[in-house]
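If you count the sequence shown from 1, position 17 lands on 17 in our numbering, and the numbers rise without skipping. Read through the structure below, which is laid out as structure tokens, and then see the notes.
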Amino acid sequence: MIIVKYAEIAIKGKNRVDFERKLRENIKDCIKINRIPFEKVRRMRGRILIYTDQECPQLKNVFGIASFSYAKRYSQDLQTIKEEALKLYKKGTFKVFVKRSDKVLKNSMELAAEIGAYIVEKTNAPVDVKNPETKINVELFNHFAYLYTETNQGPGGLPIGSDSNVILLLQNKDSIEAGLRILKRGCSLDVYKEKDIDYSKLKEYEYGFRIKELEEMPEEPEAVIVSDKVDSIKDYPYFVLRPLI
Numbered sequence: 001m002i003i004v005k006y007a008e009i010a011i012k013g014k015n016r017v018d019f020e021r022k023l024r025e026n027i028k029d030c031i032k033i034n035r036i037p038f039e040k041v042r043r044m045r046g047r048i049l050i051y052t053d054q055e056c057p058q059l060k061n062v063f064g065i066a067s068f069s070y071a072k073r074y075s076q077d078l079q080t081i082k083e084e085a086l087k088l089y090k091k092g093t094f095k096v097f098v099k100r101s102d103k104v105l106k107n108s109m110e111l112a113a114e115i116g117a118y119i120v121e122k123t124n125a126p127v128d129v130k131n132p133e134t135k136i137n138v139e140l141f142n143h144f145a146y147l148y149t150e151t152n153q154g155p156g157g158l159p160i161g162s163d164s165n166v167i168l169l170l171q172n173k174d175s176i177e178a179g180l181r182i183l184k185r186g187c188s189l190d191v192y193k194e195k196d197i198d199y200s201k202l203k204e205y206e207y208g209f210r211i212k213e214l215e216e217m218p219e220e221p222e223a224v225i226v227s228d229k230v231d232s233i234k235d236y237p238y239f240v241l242r243p244l245i
């Protein structure tokens, strides 16, 4: 089980569901391209669940993802949760974090204290509430308990395809950074080479869209991404965006 979380999408109001659906599509594209066997990808409020027994590190390149964790799912039985949390402790200091969407058992602080006390009783492990070496996470939602220790960071931003398709003008080495910044805003892109710039870095984020290399610039492109900075602003015969300024 992989729990995917997002951040910026959560503030999108009435069209939030459209962003969530697009992120789900892009996640499915990622796991299919990387040949990760899965049962389903389920969209929930605040999370997307990937039903799989395998890891997918490429999720770190899916824009829209704030973080993802490899979790195991159990019943919401307190004794089961305590026993499984104990298995996650290996060595050093630890702390238990509890989040509840399902308001069951006790409140979050009480649950964290009881699970932590159980681990101390069985292992005599030291608790560190400020900087623990092991973070044992317990989330109660969807009528189950999900447990994990590691949280992997995603690139954040908005899911690609939730905004317009634009053209990235490859001018210099800064063009790649300009392209990444516009991808993070949810735009898909094609590239046009003013100079022969290697854009393979951008293809690492090619989930939910495919980059096309254009042979010529369209007469009226919707928007062209350039690598201008404050000290190098130029004039162009088309509408441009300057994400590096």
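Glycine is no exception: its CB is placed at the ideal position from the N, C-alpha and C atoms. These figures come from a predicted structure and were not determined experimentally.
Where the beta strand (DSSP E) through residue i begins and ends
i, result
"Leu147", "Phe144 to Tyr148"
"Asn137", "Thr134 to Phe141"
"Leu189", "Ser188 to Lys193"
"Ser67", "Ser67 to Tyr70"
"Val96", "Phe94 to Arg100"
"Leu169", "Asn165 to Leu170"
"Arg242", "Neither: Arg242 is in no beta strand (DSSP E) and is coded neither H nor E."
"Arg42", "Lys40 to Met44"
"Ile50", "Arg47 to Tyr51"
Below-9 Å beta-carbon distance, residue i vs any chain C residue
i, result
"Val127", "Going by chain labels, chain C is absent from the structure shown, which holds only one protein chain."
Residues near residue i by beta carbon distance below 8 Å, same chain, minus five either side
i, result
"Glu216", "Tyr192"
"Ile247", "It is not possible to answer for residue 247, since the shown part of the chain is limited to 1 through 245."
"Glu213", "Asp190, Val191, Tyr192 and Lys193"
Sequence-distant residues of its chain with Cβ nearer than 7 Å to residue i (five each side left out)
i, result
"Val120", "Val127"
"Glu25", "Gly208"
"Thr80", "Tyr74"
"Lys40", "Tyr51"
"Gln54", "Ile36 and Pro37"
Nearest candidate by alpha-carbon position, reference residue i, set the options
i, options, result
"Lys95", "Met109, Asp102, Leu105 and Ser162", "Met109"
"Arg45", "Asp18, Lys234, Ile36 and Glu55", "Asp18"
"Tyr6", "Gln58, Arg42 and Ile65", "Ile65"
"Arg47", "Leu244, Phe68, Asn131 and Arg35", "Phe68"
"Asp163", "Asn142, Asn15 and Lys173", "Asn15"
"Asn172", "Lys195, Pro218, Cys30 and Gln76", "Lys195"
"Gly161", "Leu23, Ala117 and Arg43", "Leu23"
"Gly156", "Leu180, Val41 and Asn142", "Leu180"
"Lys60", "Thr134, Pro243, Asp77 and Ile31", "Ile31"
"Phe38", "Lys201, Glu20 and Met1", "Met1"
"Leu202", "Lys184, Ile176 and Asn107", "Ile176"
"Asp77", "Lys234, Pro237, Leu105 and Phe97", "Leu105"
"Asp29", "Phe63, Glu8 and Asp53", "Phe63"
"Lys130", "His143, Pro159, Thr93 and Asn124", "Thr93"
Bounding residues of the alpha helix (DSSP H) (the contiguous stretch that carries residue i)
i, result
"Tyr118", "Ser108 to Thr123"
"Leu202", "Ser200 to Lys203"
"Leu88", "Leu78 to Leu88"
"Val4", "Counting along the chain, Val4 falls outside any alpha helix (DSSP H), though it belongs to the beta strand (DSSP E) covering Ile2 to Lys5."
"Leu183", "Asp174 to Lys184"
"Leu23", "Arg16 to Ile33"
Neighbourhood of residue i by C-beta, 6 Å cutoff - its chain only, sequence neighbours within 5 removed
i, result
"Ile167", "Asp190, Tyr192, Pro221 and Val224"
"Lys99", "Glu139"
"Ala178", "Ile225, Ser227, Pro243 and Leu244"
"Cys187", "Asp163, Ser164 and Val166"
Check: residue i C-beta below 8 Å from any heavy atom of the ligand GDP
i, result
"Ile136", "Because no ligand of any kind appears in the structure shown, any question about the ligand GDP cannot be addressed here."
For the region 142 to 149 against the region 70 to 87, do three or more pairs of beta-carbon atoms, one drawn from each stretch, fall closer than 8 Å, so that the two count as touching?
yes
Does the region 199 to 219 come close enough to the region 227 to 235 to have 3 or more Cβ pairs within less than 8 Å?
no
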